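Enquirer: Just add 58 to wherever you are in the sequence shown, counting from 1, and you've got the working numbering. Even glycine gets a Cβ: it sits at the ideal position worked out from N, Cα and C. This one's a predicted model, so the numbers in the text were calculated from it and none came from an experiment. Attaching a single structure in C-alpha cells format; questions to follow.
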Amino acid sequence: MCSAKGCRAPAEWALVWNNPRLHTPDREKVWTACAEHRESLSSHLAVRSFLRRVDPLADD
C-alpha cells in the first residue's frame with residue numbers, strides 16, 4: 059500500500075532512503091508509493107538528501 063497519507067492505492071515503487079544523521083550508510087528504510095505519489099514522496103526525501111534510489115516493486 060502507498061505510504062502517502064490517506065492513500066489506499068497499491069504500491070508500485072520502493073523509495074529507499076536513510077537519514078545520514080541517524081542511520082549508518084548500510085541501513086536502508088523503505089517507503090512504498092503508487093504511481094500518483096511516487097514523485098511527491100521522492101521529492102520530499104530528495105530535498106532532505108535522504109533518497110538513495112527508487113526501485114520498482116517486484117510482482118509476487
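Give me the DSSP bridge partner(s) of Val88.
Expert: Val74
Enquirer: Here's a check: name, in chain order, each residue in its chain whose Cβ is nearer than 8 Å to the Cβ of His81, leaving out the five neighbours to either side.
Expert: Lys87
Enquirer: Quick one: grab the DSSP three-state call for Ala111.
Expert: A quick correction: the sequence has Arg, not Ala, at residue 111. Note: Arg111 maps to strand in three-state DSSP.
Enquirer: What is the DSSP secondary structure of His95, counted as helix, strand or coil?
Expert: coil
Enquirer: Between Asp117, His102 and Val112, which lies nearest to Lys63 when the distance is taken from Cα to Cα?
Expert: His102
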